[in-house]
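J.: Using this note's numbering, the first residue of the sequence shown is number 3, and each one after it goes up by one. Positions of the beta carbon are idealized from the N, C-alpha and C atoms, including for glycine.
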Amino acid sequence: MIRDIGEEIQQLLKISPAMTSTNISEQLGISRATCIICLNDLIDKKIVYSFKTKNGEKTYYSIEEDTTVNDWENIRKVVKEETVNAKDTYDDLEEKYDEVSKNVNGLYANIISIISVFVAIFALITVNANITFKLTQENMYDVFGGIIEVNIFVVICIVILLVVTRVLIINPLLGKNKKKKDKRG
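Shown next, in the form of structure tokens:
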């Protein structure tokens with residue numbers, strides 16, 4: 003049995019007052035090129051009517067004889083509402099993306115901070131373990147002053163490490179979101 007695509011298009015357009023060639027081709031499972039050829043044939047036979055949206059980006063097709071002025075007004079209203087809905091959805095998705103992006107950058111910053119703190123703690127433990135080992139080999143009173151000096155030096159190094167991590171890694175991660183918001187705002 004040979005498929006009558008023109009008839010299928012007409013039946014589809016009777017159900018839906020107006021559709022794009024992409025919608026029709028998807029509904030019928032045919033290529034867009036085949037759909038356009040059939041639509042042009044139906045337009046030539048004055049069975050189907052085509053019209054463009056106000057911005058001229060999309061062409062809609064409808065059955066000419068069944069379409070009234072009220073149908074066209076309803077189509078315009080539906081297209082306008084769908085456009086507004088699509089824009090609202092896009093705006094909502096953009097806000098959610100920005101929020102997720104901010105959260106991801108914050109997560110990276112937190113992970114880097116935690117890693118820096120663990121490195122600092124490990125450094126303190128290592129230094130103190132080495133000093134404790136020396137204490138068992140030498141006089142405790144002579145080494146105690148050295149312990150305080152080394153711990154002060156290690157703490158200063160840790161503070162410098164944390165500040166450098168904050169300035170060079172964490173602030174740029176968190177600063178990217180502020181720059182994006184400033185550009186949009």
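Classify Ile-172 as helix, strand or coil using the three-state DSSP reduction.
T.: Ile-172: helix per DSSP, three-state reduction.
J.: Are Gly-8 and Cys-40 closer than 7 Å when you measure CB to CB?
T.: It is a contact, given that the beta carbons lie within the stated cut-off.
J.: State the Cα-Cα distance for the pair Ile-160 and Asn-130, rounded to the nearest angstrom.
T.: Approximately 14 Å, taken between the alpha carbons.
J.: By DSSP, does Thr-22 sit in helix, in strand, or in coil?
T.: If DSSP states are grouped into helix, strand and coil, Thr-22 belongs with the strands.
J.: Going by other Cβ atoms of all chains shown within 10 Å of its Cβ, with 16 needed for buried, is Thr-24 buried or exposed?
T.: Under this definition Thr-24 is an exposed residue.
J.: Using a Cβ-Cβ cut-off of 8 Å (strictly less than) and excluding sequence neighbours within five positions of Lys-60, which residues of its own chain qualify?
T.: Hits under 8 Å: Thr-22 and Lys-54.
J.: Residues bridged to Ile-113 by DSSP?
T.: According to DSSP, Ile-113 bridges with nothing at all.
J.: So, under 8 Å CB-CB, Ile-49 and Ile-65 are touching, yes? Tell me the CB distance rounded to an integer number of Å.
T.: With 8 Å as the limit, Ile-49 and Ile-65 qualify as a contact, their Cβ atoms being about 7 Å apart.
J.: Just tell me which of Phe-124, Ser-115, Ala-88 and Gly-148 has its CA closest to the CA of Ile-133.
T.: Here the closest residue by C-alpha is Gly-148.
J.: Keeping to the same chain, check which residues put their C-beta closer than 6 Å to that of Lys-111; ignore five residues upstream and five downstream.
T.: Just to set this straight, residue 111 is Ala in the shown sequence, not Lys. The residues are Ile-172, Leu-175 and Leu-176.
J.: Can you tell me whether Ile-150 is buried or exposed? The criterion is at least 16 other CB atoms within 10 Å of its CB, across all chains shown.
T.: Result: exposed.
J.: With DSSP collapsed to three states, give me the class of Ile-188.
T.: Outside the displayed range of the chain (3 to 187) lies residue 188, so it cannot be described from this structure.
J.: Could you tell me which residues DSSP puts in a beta bridge with Ser-52?
T.: Ser-52 is bridged to Tyr-63.
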